[in-house]
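Participant: In our numbering, the protein residues as written are 15 to 206. The beta-carbon is built from N, C-alpha and C at its ideal position, and this holds for glycine as well. The model shown is predicted, which means the values in this text are computed figures rather than measured ones. Pasting in a structure now, in C-alpha cells, and then I'll have a few things to ask.
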C-alpha cells in the first residue's frame, strides 16, 4: 500500500499550494485510485461526467467523434496532468468527449460532489483548482491562436517541441487529429 507521500498528485498540487499531512489524508479519503488498461475508457461521449482525473502514470486522450465518425482529438494527458470533459463536469451535461487510455495507466479520480466538499472543508483547494482551470484556459486560447496564425507544419513542430513526452506516446494519426488534419497531410508536412 502506498504511503500518503508516495502519490504524484501531491507534488502536482504543491506546485501551487502547501499541504499539511492532514490535508493529504483528507484528500486521500475522497479520491479513488483506478488502474485502467490500454484502450479502456474512463468516459464515453454522451455519458454524464461527474469526475476529474489526475494521471499518476500513463497517458490518456480526450476526443470527440462527429456524426460522420470523424475523430477530433481535443487533448492528451500524461503523468502529472489533469483531464476531464470540463463542460460536462462543471455544467452536468452529457459528455461531448470520450476519454481513453493510450497505455496501461493509473489515474486518481475525484468526484464533482466530493470536490465541492473539499472546497468547503479546505478552501485552499479552491485556489489550486482556480489556478489549474486558468492554466487550462490559457493553453486552449494559445491553441486557438496557433490554429489561426500558423501553418500546419509550424503547429506540428510546436507540438513536438512543447509536448515531447506526449509526442513519444501517441500515434501520428492522433497527432493529426489533434492538429485538425488528415494523417496523410501530416505525413507530407513532416517529409518536407
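Tell me which same chain residues have a C-beta within less than 8 Å of the C-beta of residue 207, skipping the five on either side of it?
Facilitator: No answer is possible for residue 207: it lies beyond the span of the chain, which begins at 15 and ends at 206.
Participant: Which residues in the same chain have their Cβ closer than 7 Å to the Cβ of residue 117, if we skip the five residues on either side of it in sequence?
Facilitator: Here the question's residue 117 lines up with position 103 in the chain shown. Answer for residue 117: 52, 72, 73, 183, listed in chain order.
Participant: From residue 119 to residue 50, what does the alpha carbon distance come to, in whole angstroms?
Facilitator: For the purposes of this step, residue 119 is taken as the residue at position 105 of the chain shown. For the purposes of this step, residue 50 is taken as the residue at position 36 of the chain shown. Going by the C-alpha atoms only, they are around 5 Å apart.
Participant: What residue does the beta strand (DSSP E) around residue 74 start on, and which one ends it?
Facilitator: By 1-based counting over the chain shown, the position of residue 74 is 60. Counting along the chain, the beta strand (DSSP E) containing residue 74 begins and ends at 73 to 79.
Participant: Determine the DSSP secondary structure at residue 67, reduced to helix, strand or coil.
Facilitator: In the chain shown, the residue the question calls residue 67 occupies position 53. It is a strand residue.
Participant: Within the continuous beta strand (DSSP E) that includes residue 47, where are the two ends?
Facilitator: The sequence position of residue 47 within the chain shown is 33, counting from 1. Per DSSP, residue 47 belongs to the beta strand (DSSP E) from 46 to 50.
Participant: Thinking C-alpha only, which one of 85, 112, 206 is nearest residue 195?
Facilitator: As a first step, residue 195 is located in the chain shown; it is residue number 181 there, counting from the start. Per the Cα distances, 85.
Participant: Which residues does DSSP list as the beta-bridge partners of residue 125?
Facilitator: One-based indexing of the chain shown puts residue 125 at position 111. Answer is 65, bridged to residue 125.
Participant: Can you give me the C-alpha to C-alpha distance between residue 87 and residue 126, rounded to a whole angstrom?
Facilitator: On the chain shown, residue 87 is found 73 positions in, with the first residue counted as 1. On the chain shown, residue 126 is found 112 positions in, with the first residue counted as 1. Looking at the two C-alpha atoms, the distance is approximately 24 Å.
Participant: Just mark residue 37 as buried or exposed, buried being the case when its beta carbon has 16 or more other beta carbons within 10 Å.
Facilitator: Looking up residue 37 in the chain shown gives position 23. Classification for residue 37: buried.
Participant: Starting from the C-beta of residue 31, find all residues in its chain whose C-beta is less than 8 Å away, skip the five residues before and the five after it, and write them out in chain order.
Facilitator: Along the chain shown, one-based indexing puts residue 31 at 17. These residues qualify, in order along the chain: 138, 139, 141, 142.
Participant: Tell me the DSSP secondary structure of residue 131 in three-state form.
Facilitator: Position 117 of the chain shown holds residue 131. Three-state DSSP puts residue 131 in a helix.
Participant: For the beta strand (DSSP E) that residue 91 lies in, which residues bound it at each end?
Facilitator: As a first step, residue 91 is located in the chain shown; it is residue number 77 there, counting from the start. 85 to 92 is the span of the beta strand (DSSP E), which, as asked, contains residue 91.
Participant: Round the Cβ separation of residue 111 and residue 76 to the nearest angstrom and send it over; I've been treating them as touching at under 8 Å.
Facilitator: Counting from one through the chain shown, the residue named residue 111 turns up at place 97. Counting from one through the chain shown, the residue named residue 76 turns up at place 62. That pair is a contact at about 5 Å.
Participant: In the structure shown, what three-state DSSP assignment does residue 137 receive?
Facilitator: Here residue 137 refers to the residue found at position 123 of the chain shown. In the structure shown, residue 137 sits in coil (DSSP, three-state: anything other than H, G, I, E or B).
Participant: Look at the alpha carbon of residue 198 and the alpha carbon of residue 185, and state the distance between them as a whole number of angstroms.
Facilitator: Within the chain shown, numbered from 1, the residue matching residue 198 stands at position 184. Within the chain shown, numbered from 1, the residue matching residue 185 stands at position 171. The straight-line gap from Cα to Cα measures roughly 13 Å.
Participant: Does DSSP put residue 171 in a helix, a strand or coil?
Facilitator: One-based indexing of the chain shown puts residue 171 at position 157. Residue state, collapsed to three classes: helix.
Participant: DSSP on residue 109, reduced to helix/strand/coil?
Facilitator: Numbered from 1 along the chain shown, position 95 holds the residue referred to as residue 109. It is coil, neither helix nor strand.
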